[in-house]
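J.:
Number of protein chains: 2
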Amino acid sequence: MDTKGKKILIADDEPDILEIIQYNLQAEGYTVYTAKDGDEALQRAKQVNPDLIILDIMMPRKTGTEVCSILRTQPAFKDTLIIFLTALNDESSQVRGFDTGADDYVNKPISPKLLLSRVNALFRRVGKKEEGGSNGILTVGNVVIDPVKFIVEVDDNEVSLAKKEFELLYLLASRPGRVFLRNEILNQVWGNDVIVGDRTIDVHIRKIRQKLGLDCITTVKGVGYKFDL
Amino acid sequence: MDTKGKKILIADDEPDILEIIQYNLQAEGYTVYTAKDGDEALQRAKQVNPDLIILDIMMPRKTGTEVCSILRTQPAFKDTLIIFLTALNDESSQVRGFDTGADDYVNKPISPKLLLSRVNALFRRVGKKEEGGSNGILTVGNVVIDPVKFIVEVDDNEVSLAKKEFELLYLLASRPGRVFLRNEILNQVWGNDVIVGDRTIDVHIRKIRQKLGLDCITTVKGVGYKFDL
DNA sequence: ATAAAGGGATAACGTTGTGTTAACCTTAAA
DNA sequence: TTTAAGGTTAACACAACGTTATCCCTTTAT
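Here the protein sequences line up with chains C and F, keeping their order.
Our numbering applies: residue 1168 is where the first sequence begins, and numbers increase by one.
Our numbering applies: residue 1168 is where the second sequence begins, and numbers increase by one.
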């Protein structure tokens, strides 16, 4: 299962629980965000637009049930997965939880392993749609380059590149570590017939280095450039 | 919620439990089939092709876990909902249940009401998925696009778009984040043979942006446009 | 038939930011 | 030290896109 990029928001007022769950979900490959009360949960949900929200019920400043109700009225969160994680294990609370629109209701205390099983089961059921397979997404270290969406991400921060910059970066990153001669770069990015000045490539390389904020492009003097971390 | 026509198969070796669950599910509008051991469960599953199977684990002539494993290997039952309903409430059994491909794991004893909540929650989740695939309603963030009703909603406010505007928006929103080249847009919305001026697309994009009152369409200079929040 | 209304395309002009170059500076190897 | 290769910066030209007004055409109501 591909858990990459799946975002999970956890809301609980007990820091210990937050930490334990966060650790285990991250270990599985999920990206985890946290909130310590109801209002913060709502706010962060709008910020990060998570794929799954795990809600404690008894929280300060809006209960989990209230948060769930509010989210479900908004189109943006109509389909977001929601799990209640709570010590309230009486029947009526559970039924109310599901009535509010939750996808699962888990009683505390619960082992991280078991929670993971349930989270994975939910994603397994829902997540059949995306990931068309061999799209041209390049992932090198903490750098993700998606030619379909035309975005570059460094440490989950989106970086905006111009067309030529993007094409140049994509070429270099398509074979990490391999050195591309200046002529190769010219042919691939600019085309065989186009003639540009000597400094043109350098300027683009500089802009990429600057925008990415990383030293991921190495100069091989007298030869060319290579993408490497 | 539309429960009509949804078929549920229950497998348990205790007649009392079968009867109670059957009664409650039928009262909710589901069509219920029963089996009293593992082999019969497999046989009836192939007969009626249920939407959901509720499996006891400790049954004669194949355990629920075995039944689930066997079903999951068959393409016809790859996406069938499966709930384990069992007295085995230790952690490893639950994890094993989910690993086998179950969608939920419920401990006995359970109130019929609560089981109903879980069953409904599962159908609610899956039903949306099919809805999204079949009748073409797109939901991206707080934007809902219904090509049947020809309606676009932003934050529950209805927005009226013209035909070309709607087609253009629908195309972009059908793959959120993906960049559509100007040529792709022309081919998809206007047709391969139609020739229109350079500024035509821009004008329509502008109108959409204006009417939606959102910056949901991003320009990628030299490449195209993408729908993104 | 005629008027009104609105969709759709286009031209003309304004705006932005990319791509490129030139000029000058820095570094590393012989 | 010398020198070739690349780094840096600012400035410019132009292509690409945004914006607006206008025209033509189809639809709809009177």
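Glycine included, each C-beta is placed from N, C-alpha and C at the ideal position.
The structure displayed is predicted, hence computed values, not measured ones.
Please report the Cβ distance between Met1226(C) and Asp1179(C), rounded to the nearest whole angstrom; I am assuming they are in contact, meaning their Cβ atoms lie under 8 angstroms.
T.: With 8 angstroms as the limit, Met1226(C) and Asp1179(C) qualify as a contact, their Cβ atoms being about 7 angstroms apart.
J.: Please identify the residue among Ile1188(C), Ile1177(C), Gln1189(C) whose C-alpha is closest to the C-alpha of Leu1209(C).
T.: It is Ile1177(C).
J.: Nearest by alpha-carbon distance to Leu1353(C): which of Glu1233(C), Thr1367(C), Lys1393(C) is it?
T.: Comparing Cα positions, the closest option is Thr1367(C).
J.: Just the Cα atoms here: how many angstroms apart are Ser1236(F) and Gly1268(F)?
T.: When rounded, the distance between both Cα atoms is 7 angstroms.
J.: Chain F partners of Ala1288(C), CB-CB under 8 angstroms?
T.: Within 8 angstroms Cβ-Cβ: Phe1265, Ala1269, Asp1270, Asp1271.
J.: From this set, Ile1249(F), Pro1279(F), Leu1381(F), which residue's C-alpha is nearest Asn1324(F)'s C-alpha?
T.: Of the listed residues, the one whose Cα sits closest to Asn1324(F) is Leu1381(F).
J.: What does DSSP give as the partner residue(s) for Lys1174(F) in the beta ladder?
T.: For Lys1174(F), which the question treats as bridged, DSSP gives the partners Thr1198(F).
J.: Can you tell me the Cα-Cα spacing of Glu1320(F) and Leu1379(F), whole angstroms?
T.: In a straight line, the C-alpha of Glu1320(F) is about 9 angstroms away from that of Leu1379(F).
J.: List the residues that DSSP assigns as beta-bridge partners of Gly1268(F).
T.: Answer is none; Gly1268(F) lacks a bridge partner.
J.: By the 7 angstroms beta-carbon criterion, what residues does the region 1168-1192 of chain F contribute toward chain C?
T.: Taking 7 angstroms as the Cβ-Cβ cut-off against chain C, none of the residues of the region 1168-1192 of chain F qualify.
J.: Take the Cβ of Val1361(F) as the centre, count every other Cβ of all protein chains shown within 10 Å, and call the residue buried at 16 or more, exposed below.
T.: Exposed, by the Cβ-count rule.
J.: So, helix, strand or coil for Phe1290(F), using DSSP?
T.: Reduced to three states, the DSSP call for Phe1290(F) is helix.
J.: Give the range of the beta strand (DSSP E) segment to which Asn1324(C) is assigned.
T.: Where Asn1324(C) is concerned, the enclosing beta strand (DSSP E) stretches over 1324-1326.
J.: Mapping DSSP to helix, strand and coil, what is Phe1333(C)?
T.: Correct three-state label for Phe1333(C): helix.
J.: Does any residue of chain F bring its CB to less than 8 angstroms from the CB of Gln1377(C)?
T.: False, the Cβ-Cβ gap to chain F never drops below 8 angstroms.
J.: Any beta carbon from chain C within less than 8 angstroms of Ser1284(F)'s own beta carbon?
T.: It does; some Cβ of chain C falls within 8 angstroms.
J.: Roughly how many whole angstroms lie between the Cα atoms of Arg1373(C) and Glu1334(F)?
T.: So the two alpha carbons sit approximately 40 angstroms from each other.
J.: Could you tell me whether the Cβ atoms of Asp1270(C) and Ala1329(F) are closer together than 8 angstroms?
T.: No.
J.: So within the region 1198-1222 of chain C, which uninterrupted alpha helix (DSSP H) runs reach at least 4 residues, ignoring any that extend past its ends?
T.: Runs of the alpha helix (DSSP H) inside the region 1198-1222 of chain C: 1205-1215.
J.: Specify whether the region 1276-1293 of chain C and the region 1182-1192 of chain C touch according to this definition: at least 3 beta carbon pairs, one from each stretch, less than 8 angstroms apart.
T.: Segments in contact, yes.
J.: For the region 1240-1250 of chain F against the region 1203-1221 of chain F, do three or more pairs of beta-carbon atoms, one drawn from each stretch, fall closer than 8 angstroms, so that the two count as touching?
T.: Yes, the region 1240-1250 of chain F is in contact with the region 1203-1221 of chain F.
J.: Shorter than 8 angstroms from the beta carbon of Ile1279(C) to some beta carbon of chain F?
T.: As written in the sequence, residue 1279(C) is Pro, which differs from the Ile given in the question. False, the Cβ-Cβ gap to chain F never drops below 8 angstroms.
J.: Got a sec? Which residues, its chain only, sit under 6 angstroms from Lys1173(C) by beta carbon, not counting five neighbours each side?
T.: These residues qualify, in order along the chain: Tyr1197, Asp1218.
J.: Relative to chain C, which residues along the region 1232-1261 of chain F have a C-beta separation below 7 angstroms, given in chain order?
T.: Against chain C - using a Cβ distance shorter than 7 angstroms - the residues of the region 1232-1261 of chain F are Glu1258, Gln1261.
J.: Give me the chain C residues within the contact set of Glu1351(F), using Cβ-Cβ distance strictly less than 9 angstroms, ordered along the chain.
T.: Correct list: empty, because the minimum Cβ distance to chain C is about 12 angstroms.
J.: For Phe1317(C), go through chain F and note every residue whose CB falls closer than 8 angstroms to its CB, in chain order.
T.: Per Cβ cutoff of 8 angstroms: Val1346, Val1387, Val1390, Lys1393.
J.: Quick check on DSSP: helix, strand or coil for Lys1393(C)?
T.: Strand at Lys1393(C).
J.: Buried or exposed for Met1168(C), going by 16 or more other Cβ atoms inside 10 Å?
T.: Summary for Met1168(C): the model assigns pLDDT 46, below 50, so the residue's position carries little reliability, and this model does not support an answer.
J.: Taking only the alpha-carbon atoms, compute the straight-line gap between Lys1203(C) and Glu1181(C) and give it to the nearest angstrom.
T.: Those two C-alpha atoms are separated by around 7 angstroms.
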